[in-house]
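This note's numbering numbers the first residue of the sequence shown as 4 and each following residue consecutively.
Here is the structure we will look at, set down as structure tokens.
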Amino acid sequence: MKTTGLKTAIALAVASFSSLSLANGLAINEQSASGMGTSFAGRSSSALDASTVFGNPAGMSKLKRTEISGGAAVISASTDYSRVRSAASGTNDGDMVPTSAVPFGYVVTPLNDDWHFGLGIYVPYALISDYERSFQGRYHGSYSKVEVITVQPTLSYKINDRVSVGFGPTFNRIEGKLNNNLSLSALGGGDAELKIKGDDTAIGYNIGVLADVTDNLAIGVTYHSKVKYKLEGHTKARGFSSLSPAVNGLIGPLNGKYDAELDITLPESVDTSFTYKLDDRWTLYGGATWTRWSRLEKLEVQNQGTPTVPRLGNLLGTVDEELKWHDTWSYAIGASYQLNPQWVLRTGFAIDPSPTDNEYRNVRIPVGNRKTVSIGAGWSPSPDLTVDVAYAYLWEDKASINREATALQPAYSAKVENSAHGLAAQVSYRF
4 MKTTGLKTAI ALAVASFSSL SLANGLAINE QSASGMGTSF AGRSSSALDA
54 STVFGNPAGM SKLKRTEISG GAAVISASTD YSRVRSAASG TNDGDMVPTS
104 AVPFGYVVTP LNDDWHFGLG IYVPYALISD YERSFQGRYH GSYSKVEVIT
154 VQPTLSYKIN DRVSVGFGPT FNRIEGKLNN NLSLSALGGG DAELKIKGDD
204 TAIGYNIGVL ADVTDNLAIG VTYHSKVKYK LEGHTKARGF SSLSPAVNGL
254 IGPLNGKYDA ELDITLPESV DTSFTYKLDD RWTLYGGATW TRWSRLEKLE
304 VQNQGTPTVP RLGNLLGTVD EELKWHDTWS YAIGASYQLN PQWVLRTGFA
354 IDPSPTDNEY RNVRIPVGNR KTVSIGAGWS PSPDLTVDVA YAYLWEDKAS
404 INREATALQP AYSAKVENSA HGLAAQVSYR F
């Protein structure tokens, strides 16, 4: 058995904790039901309600009264595996994402004619993947969970009747958990398991500009900053002591719980969009978002107190993995129709490419290039109250997973195809 083979196997298992938090499949768009109805086209150029705190903080200047908006989106996803090839035995059910709810809430209040204050609580990133215990690709990922909760206090300033700016720091809490199997069959044993947990709190910011170019055309730009995290937690290894006494003397010391640190940066993004009012009933929306995923070139995990194994060295001290993500541009178009003073109908379509490719795609976030179509409606029984609902269907191009074999990880390749249904509801009240 080659030393480098075992070291690479453990490096991939440990470093995959951060790769699950840096994939397109982790980003959450559902910060409002009103925006979801148009597939979030025009998100930075429209101030439909208090959720503009996230979409474009400058949009708060367009809200005339104190407004509270809150709701949630429910997401149900499906993953299908085909053409599976692996030396390991097992199953490939694929449907590893449980139905999940994503909450959000905002409040905006005018301070005077020019200044507004807002506060938002939302989830910009979230992921859970929970494969069956017999999953054939469990050596490359069996369970993953990550959640980021953001609190954003915000100020906006109305420069003149046509231009506003907004700024708000973001306080972000990240928590992650990962399980990963390792195969000891070549050593006469069964499966070992690595469990990783970590968390951190970090600060970023959002800034936006909103301009009414004409009475019918608005253009907005929103910048979401990068956020640097230093996750602290532990790596737990177990199952190595099940080997024969002769082999156990070599591998057994790896069992244990070790303090771990991981530095990662979630990248910045720029959202540019327009809103064009055709007439009293029809409004068109369009937008493009650039995300700097190329910041994720390499990941490195530092574990403390790890043992030195005879003949193999300190396998868990420092491990790393190349990711080689690339920047992406996503696009969305949408439209709304004011049916009457109480009802508005919405629809939209979006294209969102994956930042990874067939060489680096893994089973934790096996995403491909995606498309989304959505419909929505807003009901305002009075000037003080609006109820928004939206439905979205997401589907992805069939993509490939190609994970090479290492000493403790059998090779795994497959074709994967994802789809998801999303349903959101939101209530906005003004006073």
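Glycine included, C-beta positions come from ideal geometry on N, C-alpha and C.
The structure displayed is predicted, hence computed values, not measured ones.
DSSP three-state assignment for residue i, whether helix, strand or coil
| i | result |
| --- | --- |
| A50 | coil |
| F434 | coil |
| T359 | coil |
| A75 | strand |
| K65 | helix |
| G144 | coil |
| F352 | strand |
| A26 | Caution is warranted here: a pLDDT of 33 is assigned to A26, below 50, making its placement in the model unreliable, and the coordinate value is therefore given only provisionally. Note: A26 maps to coil in three-state DSSP. |
| P369 | coil |
| S297 | helix |
| F43 | coil |
| A12 | Legend: pLDDT at A12 = 39, less than 50; position of this residue unreliable, value from coordinates given subsequently. If DSSP states are grouped into helix, strand and coil, A12 belongs with the helices. |
For residue i, the first and last residue of its enclosing alpha helix (DSSP H)
| i | result |
| --- | --- |
| S339 | Here S339 belongs to no alpha helix (DSSP H); instead the beta strand (DSSP E) covers 331-341. |
| G308 | Premise fails: G308 is in no alpha helix (DSSP H) and is neither H nor E. |
| A36 | 36-39 |
| T55 | 55-58 |
Close-in-space but distant-in-sequence residues of the same chain around residue i (CB under 6 Å, 5 per side omitted)
| i | result |
| --- | --- |
| L287 | Y279, A338 |
| A91 | Q139, P413 |
| A104 | A75, V77 |
| G211 | N59, P60, A61, G169, T225 |
| Y84 | N95, G97, A417, V419 |
| R176 | I152, T204 |
| S147 | L23, S132, L181, R367 |
| E399 | G371, R373, N421 |
| L25 | Annotation note: pLDDT 30 at L25 (below 50); position unreliable, coordinate value reported separately. Taken in chain order, the residues that qualify are L299. |
Opposing strand residues paired with residue i [DSSP bridges]
| i | result |
| --- | --- |
| N415 | Sequence check: residue 415 is Tyr here, not Asn. Its beta-bridge partners are S89, R406. |
| Y274 | The question names Tyr, but residue 274 is Asp in the sequence shown. Paired residues: T225, T292. |
| D194 | S186 |
| W285 | Y340 |
| N209 | G171, H227 |
| S81 | S422 |
| V151 | Y128, I177 |
| D133 | Y146 |
| P156 | L122 |
| R241 | E196 |
| Q429 | G74, D391 |
| D203 | I177 |
Sequence-distant residues of the same chain with beta carbon closer than 8 Å to residue i, five excluded per side
| i | result |
| --- | --- |
| R295 | K229, P270, E271, S272, D330 |
| M4 | Unreliable placement is indicated for M4, whose pLDDT of 35 sits below 50; no coordinate value is reported for it. |
| L114 | F120 |
Contacts around residue i, its chain only, beta-carbon distance under 7 Å, and the 5 residues preceding and following it disregarded
| i | result |
| --- | --- |
| R284 | Y340, Q341 |
| T154 | The identity of residue 154 in the sequence shown is Val, whereas the question assumes Thr. Same-chain partners within the cutoff: I124, F174. |
| F434 | R68, T69, D387 |
| E407 | A414 |
| I222 | S48, A214, V216, F277 |
| T55 | G62, M63 |
| R165 | A214, D215 |
| D117 | Y160, K161 |
Beta carbon proximity, residue i to chain C, threshold 8 Å
| i | result |
| --- | --- |
| V77 | This model lacks chain C altogether; it includes just one protein chain. |
Where the beta strand (DSSP E) through residue i begins and ends
| i | result |
| --- | --- |
| K374 | 373-385 |
| I267 | 259-269 |
| V105 | 103-113 |
| L388 | 388-399 |
Residue i: CB within 7 Å of a non-hydrogen atom of the ligand SAM
| i | result |
| --- | --- |
| P127 | With respect to small molecules bound, the structure shown includes none, and the ligand SAM cannot be examined in it. |
Count Cβ pairs between the region 112-131 and the region 344-353 that sit closer than 8 Å; are there 3 or more? no
Are at least three pairs of beta-carbons, each pair with one atom in the region 154-169 and one in the region 261-276, less than 8 Å apart? no
Report yes or no: do the region 53-66 and the region 297-310 share at least 3 C-beta pairs separated by less than 8 Å? no
Does the region 34-52 touch the region 183-199, meaning 3 or more C-beta pairs lie closer than 8 Å? no
Does the region 376-390 come into contact with the region 399-408, if we say contact requires no fewer than three beta-carbon pairs (one atom in each stretch) closer than 8 Å? no
Any chance the region 411-425 sits against the region 389-399, with 3 or more Cβ pairs inside 8 Å? yes
Between the region 85-102 and the region 127-138, do three or more beta carbon pairs fall short of 8 Å? yes
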